[in-house]
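The letter at position 31 of the sequence shown is residue 42 when you use the working numbering, and the numbering goes up by one with no holes.
First comes the structure, then the notes that go with it.
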Amino acid sequence: MFKSVLRYVLPLCVFTLMPLMASAQKFALIDMEYILKNVPAYERANEQLNQVSKKWQAEVEALNTEASTMYKNYQNEVVFLSQDQKKKRQDAIMAKEKQASDLKRKYFGPEGELFKKRTSLITPIQDEIYNAVKDISDQRGYSLVIDRSSNASGIIYGSPKVDISNEVLQKLGYSYQ
Numbered sequence: 012m013f014k015s016v017l018r019y020v021l022p023l024c025v026f027t028l029m030p031l032m033a034s035a036q037k038f039a040l041i042d043m044e045y046i047l048k049n050v051p052a053y054e055r056a057n058e059q060l061n062q063v064s065k066k067w068q069a070e071v072e073a074l075n076t077e078a079s080t081m082y083k084n085y086q087n088e089v090v091f092l093s094q095d096q097k098k099k100r101q102d103a104i105m106a107k108e109k110q111a112s113d114l115k116r117k118y119f120g121p122e123g124e125l126f127k128k129r130t131s132l133i134t135p136i137q138d139e140i141y142n143a144v145k146d147i148s149d150q151r152g153y154s155l156v157i158d159r160s161s162n163a164s165g166i167i168y169g170s171p172k173v174d175i176s177n178e179v180l181q182k183l184g185y186s187y188q
């Protein structure tokens, strides 16, 4: 008997008390895109990354162009080449294509140089923003701060009253638009 009463009363109590517990928590929103747009160091880091990326892409494209030229020359001369010469040319072309592929992976792969450079430039900025958000949250008693600019956040509407983006920028020492 006690178990059946407990089975129905306990969920009723939990559902009754949940709104009271939820209302005790404070929430805030930030717009990370807006904050980053107003942090000059982030813009400089992105410009640096773009320049390095273009330079590395040009190196990869130069190797691909060289391999392509080698292949076109091979196609034009294939009828005049011996079996041994054909094999040497094919190997040279494949080696050049592999060199281009390896260089592309080295620069742009998941653990490549661009990833490492991005991490070294962007992580300190993200850490600084995180610490500012944490300080503001601790001061104001926010339990949760949500990024409204994130596509995965699922926020359809957020009151500007709970958006602390300008306060984060101010804490970081930057002006805002």
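Don't be surprised by glycine CBs; every beta carbon is placed ideally from N, CA and C.
Worksheet entry | Helix, strand or coil at L92 according to DSSP, with G and I counted as helix | coil
Worksheet item: Name the DSSP beta bridge partners of Y185, please?
Response: Answer by DSSP bridge pairing: none, since Y185 is not bridged.
Item to complete: Taking only the alpha-carbon atoms, compute the straight-line gap between Y185 and R55 and give it to the nearest angstrom.
Response: 15 Å
Item to complete: For the segment 102-156, list the alpha helix (DSSP H) runs that are entirely contained and at least 4 residues long, ordered along the chain.
Response: 124-151
Discussion item. Is the separation between the beta-carbon of I133 and that of I41 shorter than 7 Å?
Written reply: no
Fill in: Residue from Y53, S79, V50 with nearest C-alpha to A106
S79
Worksheet item: By the 10 Å Cβ neighbour count, where 16 or more other Cβ atoms means buried, how is L47 classified, buried or exposed?
Response: buried
Worksheet item: With burial defined as no fewer than 16 other Cβ atoms inside 10 Å of the residue's Cβ, what is the status of L180: buried or exposed?
Response: buried
Worksheet entry | Collapsed DSSP secondary structure at I46 in the structure displayed | helix
Item to complete: Compare the beta carbon distance of S148 and E44 with 7 Å and say whether it is the shorter of the two.
Response: no
Fill in: Counted within 10 angstroms of its Cβ, other Cβ atoms place V50 as buried (16 or more) or exposed
buried
Worksheet item: Between the segment 95-115 and the segment 54-71, do three or more beta carbon pairs fall short of 8 Å?
Response: yes
Fill in: Buried or exposed (CB count within 10 angstroms, at least 16 for buried), V144
buried
Worksheet entry | DSSP beta-bridge partners of I41 | D158
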